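Asker:
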Amino acid sequence: MAIYHFSVKTISRGNGRSAVACAAYRSGEKLVCNFYGKEQDYTKKTGVEFTEIYAPENTNTELLNRQTLWNKVEKAERRKDALLAREFEIAFPSELNAEQRENMLNELCRNLVKKYGVIVDAAIHAPHTDSGSDERNYHAHIMFTTRSINEQGGFSAKKYRDFSRDNGTETVSHWRESFAELCNHHLEQNGFDERVDHRSYEDQESDLEATQHEGPQATYLRRRGIFTEISLKNDEIKLRNLKIKKVIALDENIKVSEDLVQKVRSELQFQYSQAEYSEKTSQKLYEFQNEELSKLTTKLDTMSSAISELRKKEPLFFKTKWINQINDLIDQHNTQLDIQKHISGLSEIEKKERYSDHLNKWTEENQLLQPKKSFAKLDEPNITVKQRKLNDQISNIDHQISEISRRETEYQEYVRDQRLEIINSYIFEEDNYGNKYFSPQNGEKQKRLYAEEMEDLKIQELHAAFTKKIETEAQQEFAKKRAIQLENDRKDHELREQQLRKEREQQEQLYVYEQERREQEHMAFLRRQELEKQQKNEPKKPEQDNDNDYTPW
């Protein structure tokens, strides 16, 4: 959970402090203070994670050395209560790692150098977990000079007045807000949802209480198990704030739950609309099939009526054909009678000879007429070309009717028995027309039905295209809404995980604070008893003068 802390401090000689000693403590180095003539050795200090000096480009090289820099500062300030340096004390969001903390510190220090033209000495400290400090308390000390760097690369004669009494409040507010924006920027850049706010609880109109600053002495005693009044009071405030945060987290969980309920309702409505859309699509497909079936029925009725008309005319052709055959037979019979009459008028010899000749001719003629009668259907000289074409059309129509009836019956039975699905007509391989079907139950089993009329082919292609278009649109719409739903579910899941994680952290922290508070109260009570006994047993010491010593923190 990201915690915001930003404070501005001063390092003043009037408080007995030394800029060299402060720099040595913050950097964990050994520095010699020429002003006091003392050596400040903090090389055994642990927890110094990163140190760096930032300065304008035209700064003298010697000022980039920490020992030289702060001794120059001590020498430049001659007053006994001189303000030697200012310091920003900041806390990093616990979510950031070491590299991300360094990047954040670099950006803040460069902004300071750019705005005021000063030299900045910064150090990142890790938390002192052995002495009871919070393991998330990664913080930085940013010391910077009170004088800017001039064109010659040295300190300017006058100090900048941005932090003076007249402008100090506004300047500090600006840097507090700027640091909050910097924290939020790096949290967002590194993929964290937590955010910080530089405003006080009062300005935020929050129910949380602000703790009081304990200072170095109270912190020193706390780390050694001695709890002062302000420490105990701050612990009580933290405990109350944790309870309030828990209530706030519960309210947020309620809001999240309400949002989830609303999303579930929306999902149900979406599913209902999808089912309704599928029903409408099926209805449209059913109507399209009925329409195509009615067209086929109308076409079949038209062809049947045409056939009926042709059949009415058919007897006339056959009547004409048989009349011609009867006339031929009558002519043949008359010829035979004439021959007999002619023979009877001749003499017996002539009669026999002529009769024999005529008989031979008649026999030969009958032999020639017999194949002509057998193939009268093929050789009909009295039937015109128009009549022949009409006869051919009748036979073709009969064949088409039988084929259509057969294919319609076969189609209905096959689709009903096998539960087939239609595939578009572009799959046809050999005949370039007709429809192809497949059965998911029978694997690779296939059956081909043919449509000899191009109009039938067009109707079937339109049917397949319409079906495919409806199914494609439905699938695309469903896939689009499903993708949106999955994305919303993922965000909701992440939000729930964050809320649950925050709630667990708050509960754990609440439990830890409660245990620590009880232990602290007990230890404070024992310490006070021990101090009271020591004070009673020890004699009073005479008052001593101040030896001009100082504390480096």
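For the sequence shown, our numbering gives the first residue as 1, with consecutive numbering after it. A virtual CB, placed ideally from N, CA and C, is assigned to each residue, including glycine. Nothing here was measured: the structure is a model prediction, and the numbers come from that model.
Taking 9 Å as the threshold (C-beta atoms), are Pro93 and Leu187 in contact?
Answerer: yes
Asker: Excluding the 5 residues flanking Ala483 on each side, which residues of the same chain have their C-beta closer than 8 Å to its C-beta?
Answerer: Cβ neighbours of Ala483 beyond the five flanking positions: none.
Asker: Have a look at Ser164, Phe163, Asp166 and Thr146 and flag the residue whose alpha-carbon is nearest the alpha-carbon of Ala157.
Answerer: Thr146
Asker: What is the DSSP secondary structure of Tyr54, counted as helix, strand or coil?
Answerer: Under the three-state reduction of DSSP output, Tyr54 falls in the strand class.
Asker: Can you list, in chain order, the residues of its chain with a C-beta nearer than 7 Å to that of Glu87? Leave out the 5 residues immediately preceding and following it.
Answerer: Counting only Cβ-Cβ distances below 7 Å, and skipping sequence neighbours, we find Lys9, Ile11, His141, Ile142 and Met143.
Asker: Are three or more beta carbon pairs between the stretch 96-111 and the stretch 159-171 nearer than 8 Å?
Answerer: Segments in contact, no.
Asker: Are the beta-carbon atoms of Thr68 and Gly153 separated by less than 9 Å?
Answerer: no
Asker: Give the straight-line distance between the Cα atoms of Gln283 and Glu291, rounded to the nearest whole angstrom.
Answerer: 12 Å
Asker: Which residues mark the beginning and the end of the alpha helix (DSSP H) in which His185 is found?
Answerer: Unbroken alpha helix (DSSP H) run through His185: Gly168 to Gln189.
Asker: Rounding to the nearest angstrom, what Cα-Cα distance links Phe6 and Gln515 in this structure?
Answerer: 28 Å
Asker: Please state the DSSP three-state secondary structure of Val196.
Answerer: Here Val196 sits in coil by DSSP.
Asker: Got a sec: is the Cβ-Cβ distance from Ser18 to anything in chain C below 9 Å?
Answerer: Protein chain content of the structure displayed is limited to a single chain, and chain C is not contained in it.
Asker: Buried or exposed, going by whether 16 or more other CB atoms sit within 10 Å of the CB of Glu429?
Answerer: For Glu429, the predicted model reports a pLDDT of 40, less than 50, meaning its position is unreliable and no value from the coordinates is stated.
Asker: Can you tell me which of the three DSSP states Lys44 falls into?
Answerer: coil
Asker: Which class does Ser425 belong to by DSSP, given the choice of helix, strand or coil?
Answerer: Confidence is the limiting factor: at Ser425 the pLDDT is only 38, short of 50, which leaves the residue's position unreliable, though a coordinate-based value still follows. Looking at Ser425 - three-state DSSP - the assignment turns out to be helix.
Asker: Assuming Leu31 is part of the beta strand (DSSP E), what are its boundary residues?
Answerer: It spans Lys30 to Cys33 - the beta strand (DSSP E) in which Leu31 sits, taken as one unbroken run.
Asker: Just confirm the distance between the C-beta atoms of Lys246 and Gln499, as a whole number of angstroms; I'd bet it's less than 8 Å.
Answerer: Cβ atoms of Lys246 and Gln499 stay farther apart than 8 Å, at about 12 Å.
Asker: How about the stretch 114-123 and the stretch 62-77: do they share at least three Cβ pairs that are nearer than 8 Å?
Answerer: Put simply, the stretch 114-123 touches the stretch 62-77. At least three CB pairs are less than 8 Å apart.
Asker: Roughly how many angstroms lie between the CA atoms of Ala555 and Gly14, to the nearest whole one?
Answerer: Since the first residue of the chain shown is 1 and the last is 553, residue 555 is not available in this structure.
Asker: Once you ignore the five residues that flank Arg176 on each side, which residues in its own chain have a CB closer than 7 Å to its CB?
Answerer: Phe6 and His198
Asker: Can you say whether Ser568 is buried or exposed, counting buried as having 16 or more other CB atoms within 10 angstroms of its CB?
Answerer: Look at the range of the chain in this structure, 1 to 553, and you will see that residue 568 is not part of it.
Asker: Rounding to the nearest angstrom, what Cα-Cα distance links Thr219 and Glu135 in this structure?
Answerer: 16 Å
Asker: Does the beta-carbon of Glu77 have 16 or more other beta-carbons within 10 angstroms, so that it is buried, or is it exposed?
Answerer: buried
Asker: In terms of residues, what are the limits of the alpha helix (DSSP H) holding Thr68?
Answerer: Arg66 to Ala76
Asker: What do you reckon, are the CB atoms on Ala524 and Ile237 nearer than 9 Å?
Answerer: no
Asker: In this structure, how does DSSP classify Ala157 when only helix, strand and coil are distinguished?
Answerer: strand
Asker: Can you tell me which residues form a DSSP beta bridge with Val120?
Answerer: Bridge partners of Val120: Tyr54 and Phe144.
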